[in-house]
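To keep things clear, I will list the structure first and then write my remarks on it.
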Amino acid sequence: MTAEVSAALHRPGERPSAALRSVPAPRFQPAEICKLLQGFNVRPETLQQYLHFAPRQYTRNLIYRDDLFELIALCWDAGSASPIHNHSNQLCWLAVHKGALRLENFDSLDGPGPGDRIRLVPAGGLDRAPVGCVDLQQGDAAIHRVSNPFAERAVSLHVYSRPYDSCIAYDREKQTAREIQLFYHSVGGKLVSPQREEHFQ
Numbered sequence: 109m110t111a112e113v114s115a116a117l118h119r120p121g122e123r124p125s126a127a128l129r130s131v132p133a134p135r136f137q138p139a140e141i142c143k144l145l146q147g148f149n150v151r152p153e154t155l156q157q158y159l160h161f162a163p164r165q166y167t168r169n170l171i172y173r174d175d176l177f178e179l180i181a182l183c184w185d186a187g188s189a190s191p192i193h194n195h196s197n198q199l200c201w202l203a204v205h206k207g208a209l210r211l212e213n214f215d216s217l218d219g220p221g222p223g224d225r226i227r228l229v230p231a232g233g234l235d236r237a238p239v240g241c242v243d244l245q246q247g248d249a250a251i252h253r254v255s256n257p258f259a260e261r262a263v264s265l266h267v268y269s270r271p272y273d274s275c276i277a278y279d280r281e282k283q284t285a286r287e288i289q290l291f292y293h294s295v296g297g298k299l300v301s302p303q304r305e306e307h308f309q
């Protein structure tokens with residue numbers, strides 16, 4: 109954990125993080141958080157300081173993190189895509205805040221990995237998830253890819269409970285699964301230096 113991330117761990121965020129912090133730990137469950145995210149009416153100026161884009165890629169911008177959850181704004185340039193990945197057996201909520209995203213789910217025929225000869229098959233998703241769409245991923249079996257194949261930039265809010273710093277990324281063509289470290293593009297609105305090539309989800 110970098111010093112920049114550590115300094116932001118308990119820093120009060122704007123309205124979205126305040127709403128999430130009001131949920132007691134025993135109630136921080138799939139249905140409760142889905143309902144909360146569906147009810148979000150976030151003003152653009154509330155998130156503006158956290159929205160950092162990069163050409164032809166997506167960025168992970170930390171808004172708030174504690175032991176129970178982290179809230180991240182992901183900024184998707186047109187044509188950007190995440191790797192296929194899991195969520196380290198944690199809960200992941202995604203809410204489309206601006207633009208639209210493509211959500212692709214996969215099933216593994218050979219367990220979550222890591223390792224070789226890990227075969228993935230498509231398992232549904234949404235070709236175009238619009239503003240207001242909320243998606244839930246949970247458990248090691250939850251494997252997906254998020255992308256923005258559309259002409260306009262997009263923003264999504266992600267809640268992870270509990271927070272994690274690595275996950276498994278999959279290569280369908282090579283049938284491999286490897287553990288990768290997760291990095292933030294910005295923390296508390298400030299760019300992390302030096303910038304990294306990989307901003308895995």
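For the sequence shown, the numbering used here begins at 109 and goes up steadily by one. Using N, Cα and C, we set each Cβ at its ideal position, and we do this for glycine too.
Would you mind working out which of R129, T284, P238 and L265 sits nearest G223, comparing C-alpha positions?
Numbered from 1 along the sequence shown, position 115 holds the residue referred to as residue 223. Minimum Cα distance to G223 is reached at T284.
Does the beta-carbon distance from F258 to A162 come in below 9 Å?
In the sequence shown, the residue the question calls residue 258 occupies position 150. In the sequence shown, the residue the question calls residue 162 occupies position 54. Result no, Cβ atoms of F258 and A162 do not sit closer than 9 Å.
So which of E281, V267 and L299 has the shortest CA-CA distance to H195?
Here residue 195 is taken as the residue at index 87 of the sequence shown, counted from 1. When only C-alpha atoms are compared, the closest one is V267.
Assign K282 to buried or exposed, taking buried as 16 or more other Cβ atoms, counted over all protein chains shown, within 10 Å of its Cβ.
By 1-based counting over the sequence shown, the position of residue 282 is 174. Classification for K282: exposed.
Rounded to a whole number of angstroms, what is the C-alpha to C-alpha distance between Q313 and T167?
One cannot answer for residue 313 here, as it falls past the ends of the chain, which runs 109 to 309.
Taking Cβ positions, are I141 and L128 nearer each other than 9 Å?
Working through the sequence shown from its first residue, we reach residue 141 at position 33. Working through the sequence shown from its first residue, we reach residue 128 at position 20. Contact: yes.
Assigned secondary structure, E122 (DSSP; H/G/I helix, E/B strand, else coil)
Stepping through the sequence shown from its first residue, residue 122 is reached at position 14. Any reading at E122 needs caution, since the residue's pLDDT is 45, under 50, leaving its predicted position unreliable; the model's value is listed next. It is coil, neither helix nor strand.
Evaluate E305 with the Cβ neighbour count: other Cβ atoms within 10 Å of its Cβ, from every protein chain shown; 16 or more gives buried, anything less gives exposed.
Locating residue 305 in the sequence shown gives position 197, counting from the first residue. With a pLDDT of 44 at E305, under the threshold of 50, the modelled position of this residue cannot be trusted, and the question is left open.
Rounded separation between V300 and C241 - CA only
On the sequence shown, position 192 is the one that residue 300 refers to. On the sequence shown, position 133 is the one that residue 241 refers to. Approximately 29 Å between the Cα atoms of the pair.
Compare the C-alpha of D292 against each of R280, R286 and P271 and name the closest.
On the sequence shown, residue 292 is found 184 positions in, with the first residue counted as 1. Note that residue 292 corresponds to Tyr in the displayed sequence, not to Asp. Taking only the C-alpha atoms, the option nearest Y292 is P271.
So L228 and D215 are in contact, right, with Cβ under 8 Å, and what is the actual spacing, rounded?
Taking the first residue of the sequence shown as position 1, residue 228 is located at position 120. Taking the first residue of the sequence shown as position 1, residue 215 is located at position 107. Right, their Cβ atoms sit about 7 Å apart.
Would you report the Cα separation of Y172 and R236, rounded to the nearest angstrom?
By 1-based counting over the sequence shown, the position of residue 172 is 64. By 1-based counting over the sequence shown, the position of residue 236 is 128. Spanning the two alpha carbons is a distance of roughly 28 Å.
Residues near G188 by beta carbon distance below 8 Å, same chain, minus five either side
Within the sequence shown, the letter at position 80 stands for residue 188. In the sequence as presented, Gly is not what sits at residue 188; that position holds Ser. Excluding positions up to five away in sequence, the list reads R164, Q165, Y166, S255 and N256.
State yes or no: is the C-beta of A246 within less than 9 Å of the C-beta of H252?
Taking the sequence shown and counting its residues from 1, one reaches residue 246 at position 138. Taking the sequence shown and counting its residues from 1, one reaches residue 252 at position 144. It is worth fixing the name first, because residue 246 is Gln in this sequence and not Ala. Going by C-beta atoms, Q246 is not nearer than 9 Å to H252.
Answer yes or no: do P124 and W201 have a C-beta to C-beta separation smaller than 9 Å?
Counted from its first residue, the sequence shown places residue 124 at position 16. Counted from its first residue, the sequence shown places residue 201 at position 93. No.
Name the two residues that bound the continuous beta strand (DSSP E) containing E153.
Mapped onto the sequence shown, residue 153 falls at position 45. Where E153 is concerned, there is no enclosing beta strand (DSSP E), although the alpha helix (DSSP H) it sits in stretches over P152 to L155.
How many Å lie between P152 and K206 at the Cα?
As a working note, residue 152 is residue 44 in the sequence shown. As a working note, residue 206 is residue 98 in the sequence shown. Between P152 and K206, the C-alpha separation is close to 9 Å.
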